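Residue numbers (my numbering), protein chains in the order written: chain A, 1 to 259; chain B, 1 to 327.
A short worksheet on the structure shown next.
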Amino acid sequence: MTAHREGPVLAARGLSRSFQGIQAVGDMSLSLGRGELLGLIGPNGAGKTTMFNMLAGSLAPDSGRIEVMGQDVTGEGAERRLSRGLGRTFQIPRPFPQMTVLENVLCGAQDQSGEKVMSAFFRPAQSRKDEARATEKARHLIDFLLLSHLIEQPASVLSGGQRKLLELARILMADPKVVLLDEPAAGVNPTLLEQIMERVVELNARGVSILLIEHNMEMITRLCSRVVVMALGRELAQGAPADVIRDPAVVRAYLGDAA
Amino acid sequence: MIEILSYGAFFLTMALTYAVIALGLNLQWGQTGLFNVGIAGFVAVGAYVSAILTTPFSDGRLGGFDLPIVVGWIGGGLGAGFLCLLLGALTLRLRSDYLAIATFGAAVVIQLALLNLEALTGGPFGISFIPRPFADLSDRANLFAFANLAVMVVLVLACYAALQHLVRSPWGRVLRALREDETAARALGKNPVSYRLQAFAIGGCVMGLGGAAQGHFIGFIAPENYLPTLTFQVWAMLIIGGSGNMRGAVLGAVLVWAIWALSGSVVSSVFPADQQARAASLQIVLIGVSLCAVLLLRPRGILGEAGTLRRQPKATSTPSEGQNTHD
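Set out below in structure tokens:
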């Protein structure tokens, strides 16, 4: 386990994926260092979401290898990622609409004995203890993510931006070491966006490594020290945001040859 | 007067055996969304396993282990649950409509197997002399009826309490999460196939227990008791009572069984003997009509989904100040 202490917390090597013969991602590699806040950008259709889904386990790569905390997770399904220490949010948030905010967040808890049918039945004391501890933690996270006033409301009443905060709270229940954020700024009003960015920075300061897919260049420039640019399923450039956005190849990819 | 009470006790006892089966279906469908159209098969397995375990030794067939009734009921529940586990492991990856076809097929196969495995099941003649609870009271009809009713009340309460506890536990919350958004639940580390399989097996176990109890109150079982009509009846019970609600499942079972039993006695008193077999279809028609009426008047059933949708969003609630303009 000490071997990966200094190594990347998330590493992808040579990932490829095609859909009906059309290659969405080809031979893409990426590495997220411990405590890093890495941006992944690219024009529409660059393959960012495909890349993201492969990293999150919801899409199997055709070839290549994915490692989380130094462990090969290439063949594992999405439901194994969080216990490996990798949590993700969705581009269009997916709260459980009929559950309350608190219940939503409680669903993120891992290794809850009450979630095992035998323990729920035969070890009620242990289940209650786990549940109480999880509830306590969930309340803190809901507070951290500015949703305390909505804690007993069903998630269906939340605005788009609040749903993004809720998703973040849900995965933070599992104390992930790596968080993949899929366009947290998309469709969020400026006030709430400021607050989301603050929270992302604070999480990162606590040692959580973050991979951020984003269109909002201002957000990328402010948050990320390094950014990877994808175009046509491959890596086009990487480096500091300020350098990358001046890179002629990047400008061409975004604006076409006219630029 | 005492005869009416005694008949009432007999009626309720039968209705409550269906209530147990409907409770099992509620876990599968109401809580998990598993479309099981093979209820009759799982009920039959419960009834036959229990009958084989508890009947006295008989020359014509294998089995007849003469074990206590409690052992039979536990065996019946476990047998049906195990069958669900096997069938579920093969089919739960299927989409819901295919699961329906698979369970329906399984029920038909089970019924045909019961009909033809004469050495084990007695074939078309079924199994008789299934011991009844409190058989030593049987010469005092009223006491016997009420003692049996008491057994069933206890069984229903136990199943209700156990299932309600499960549904309200974190385990039940995972089932709800999977039902509301499977992709999101997977991203939170919940394995959909595993949870569905557990719910399917536990529901099947409860169904088998209901089937076992039923067999012991009638005292005689045969393959023709386990035709798709039984599946239809139990579905009608759950939908009329309120899918997703454990109390609804019990209420629906009593109501539908009342419709079935009353219409049955009306049919047998109104129609001449040679027409009764045909007139009996009116019972199914009547259940169908009640089903339509309930679906029109209360689409979620009489008791709705109160147990699951605990907090409905209020139209007037203000989610937050200033931030909720949908961006």
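Ideal placement from N, C-alpha and C gives every residue a C-beta, glycine not left out.
From a predicted model like this one, the values you see are computed outputs, not experimental measurements.
* Asked: Does I66 of chain A come within less than 9 Å of chain B when only Cβ atoms are used?
  -> no
* Have a look at the DSSP bridge pairing and note the partners of A231 of chain A. => A:R234
* Asked: Buried or exposed: where does P154 of chain A fall if 16 or more other Cβ atoms within 10 Å of its Cβ makes it buried?
  -> buried
* To do: Locate the beta strand (DSSP E) running through V179 of chain A, then write down its first and last residues.
  => Unbroken beta strand (DSSP E) run through V179 of chain A: V178 to D182.
* To do: Could you give the DSSP three-state label for R61 of chain B: helix, strand or coil?
  => Residue state, collapsed to three classes: coil.
* To do: Taking 9 Å as the cut-off, decide whether the C-beta atoms of G304 of chain B and G244 of chain B are in contact.
  => yes
* Examine the Cβ distances between the segment 131-143 of chain B and the segment 250-257 of chain B and report whether three or more of them are shorter than 8 Å. => no
* **Given 8 Å, three or more beta-carbon pairs between the segment 184-201 of chain A and the segment 212-223 of chain A** => yes
* Looking only at C-alpha atoms, which of A:E152, A:G233, A:R206 and A:V229 sits nearest to G35 of chain A? -> A:R206
* Given that R94 of chain A touches chain B, what residues does it touch there, using C-beta distances under 7 Å? -> One finds D181, T183 and A184 in chain B with Cβ atoms closer than 7 Å to the Cβ of R94 of chain A, taken in chain order.
* Asked: Does the beta carbon of F144 of chain A come closer than 9 Å to any beta carbon on chain B?
  -> False, the Cβ-Cβ gap to chain B never drops below 9 Å.
* Buried or exposed (CB count within 10 angstroms, at least 16 for buried), P170 of chain B -> For P170 of chain B, the number of other beta carbons within 10 angstroms of its own is at least 16, and it is reported as buried.
* DSSP beta-bridge partners of E67 of chain A -> A:A11 and A:D72
* To do: Show which residues of chain A have a CB atom less than 8 Å away from the CB atom of Q28 of chain B.
  => Near Q28 of chain B there are no residues of chain A at all, since even the closest Cβ is about 14 Å away, more than 8 Å.
* **the segment 205-213 of chain B in contact with the segment 243-257 of chain A per 3-pair CB rule at 8 Å** => no
* Asked: the segment 241-257 of chain B: which residues have C-beta closer than 7 Å to a C-beta of chain A, in chain order?
  -> none
* Roughly how far, in whole angstroms, is the beta-carbon of G57 of chain A from the beta-carbon of R81 of chain A, given that I think they are within contact range, below 8 Å? -> 5 Å
* Test: M51 of chain A CB closer than 9 Å to a CB of chain B -> no
* For a contact meaning CB atoms closer than 8 Å, what does K116 of chain A contact in chain B? -> W171
* **Per-residue contacts from Q198 of chain B into chain A (C-beta, under 7 Å)** => V117
* Asked: Can you list, in chain order, the residues of its chain whose CB lies under 7 Å from that of V20 of chain B, leaving out five sequence neighbours each side?
  -> Contacts found: L155, V156, C159, V206, L209, G210 and A213.
* Asked: Going along the chain, which residues of the segment 187-212 of chain B sit with their C-beta nearer than 8 Å to a C-beta in chain C?
  -> The structure shown contains no chain C; its protein chains are A and B.
* Where does V20 of chain B sit, in a helix, a strand or coil, going by DSSP? -> helix
* Asked: Which residues of chain A have a Cβ atom closer than 8 Å to the Cβ of L166 of chain B, listed in chain order?
  -> V117, A120 and F121
* Asked: So is P248 of chain A in contact with chain B if we call contact Cβ pairs under 9 Å?
  -> no
* **Residue from A:L223, A:S209 and A:G64 whose Cα sits closest to the Cα of V25 of chain A** => Answer by Cα proximity: A:G64.
* Asked: With a cut-off of 8 Å, do at least 3 Cβ pairs link the segment 86-105 of chain B to the segment 1-18 of chain B?
  -> no
* For L112 of chain B and V179 of chain A, the rounded distance between their alpha carbons -> 54 Å
* When DSSP labels each residue in this structure, what does I4 of chain B get in the three-state scheme? -> I4 of chain B: helix per DSSP, three-state reduction.
* For G85 of chain A, is the classification buried or exposed, using 16 other Cβ atoms within 10 angstroms of its Cβ as the cut-off for buried? -> buried
* Asked: Applying the criterion that 16 or more other CB atoms from any shown protein chain within 10 Å of the CB defines a buried residue, is K190 of chain B buried or exposed?
  -> Flag for K190 of chain B reads buried.
* Taking only beta carbons into account, state which residues of the segment 58-85 of chain A come closer than 8 Å to chain B, listed in chain order. => S58, G77, A78, E79, R80, R81, L82 and S83
* **chain B contact residues for S127 of chain A, given Cβ-Cβ distances below 8 Å** => Neighbours of S127 of chain A across chain B, judged by C-beta separation under 8 Å: S169 and P170.
* To do: Tell me whether D66 of chain B is buried or exposed, calling it buried when 16 or more other Cβ atoms sit within 10 Å of its Cβ.
  => exposed
* With a CB to CB cut of under 6 Å and the five nearest residues on each side skipped, what residues in its chain are close to E221 of chain A? -> For the sequence presented, residue 221 of chain A should be read as Thr rather than Glu. For T221 of chain A, where only same-chain residues beyond five positions count, the Cβ hits under 6 Å are P241.
* Would you list the one or two residues that DSSP bridges to Q214 of chain B? => Its beta-bridge partners do not exist; DSSP assigns none.
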